[in-house]
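Right, one structure below, let's go through it.
In my numbering, the protein residues as written are 15 to 188.
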């Protein structure tokens, strides 16, 4: 019976020993697993932090590039506005210059027209004067002797030549 009772004690002792060893191993294994999980979590956190830092740096670079692009766009817009203003100013200046030239040309042409008109009026007066002289000469020739006819023809030729010369001067040919 001792064998039975002693066997049971040994069995119980062995079961308790196995249970203690198993529990220690399980606790130790759990502790190791938790330590490994904590290490893995720590490494992931470090990776995420590194990626986050890279994203922050990248964001800063992109923000800087966007700010530079916006500044360039503002400068370009300002330059375009300045250019548009200058083009408008030059256009106005050209318009005024052309207008002044046209007015000056009109004034000059008007003066030339007035001068030509005066010359024509003088020529008309000269023609009337010659016509009156010719009529008086004709009357004198008809009433006086016929020897005056050659003198009348010569005078008429001289008057006609003078008239032609005046007309040519008026037209600017001579």
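Don't be surprised by glycine CBs; every beta carbon is placed ideally from N, CA and C.
Whole-angstrom distance between residue j and residue i, CA atom to CA atom
i, j, result
"residue 82", "residue 98", "24 Å"
"residue 53", "residue 41", "18 Å"
"residue 168", "residue 151", "12 Å"
"residue 74", "residue 39", "51 Å"
"residue 166", "residue 115", "53 Å"
"residue 16", "residue 48", "Here the model assigns residue 16 a pLDDT of 46, short of 50, so the residue's position is not dependable and the matter cannot be decided."
"residue 64", "residue 70", "10 Å"
"residue 44", "residue 56", "18 Å"
"residue 60", "residue 66", "10 Å"
Of the residues the options, the one placed nearest residue i, counting alpha carbons only
i, options, result
"residue 127", "185, 76, 48 and 75", "185"
"residue 182", "167, 130 and 166", "130"
Closer than 8 Å to chain D by CB, residue i
i, result
"residue 100", "No chain D appears in this structure, which consists of one protein chain only."
When the Cβ atoms of the stretch 130-141 are set against those of the stretch 101-121, are three or more pairs found closer than 8 Å?
With a cut-off of 8 Å, the stretch 101-121 and the stretch 130-141 do not count as touching, because too few Cβ pairs lie within range.
Using a Cβ distance threshold of 8 Å, determine whether the stretch 173-186 contacts the stretch 141-148, with at least three qualifying pairs required.
Cβ pair count under 8 Å is three or more, so yes.
At 3 residues or longer, what runs of the beta strand (DSSP E) sit wholly inside the stretch 76-140?
The stretch 76-140 contains no whole beta strand (DSSP E) run of 3 or more residues.
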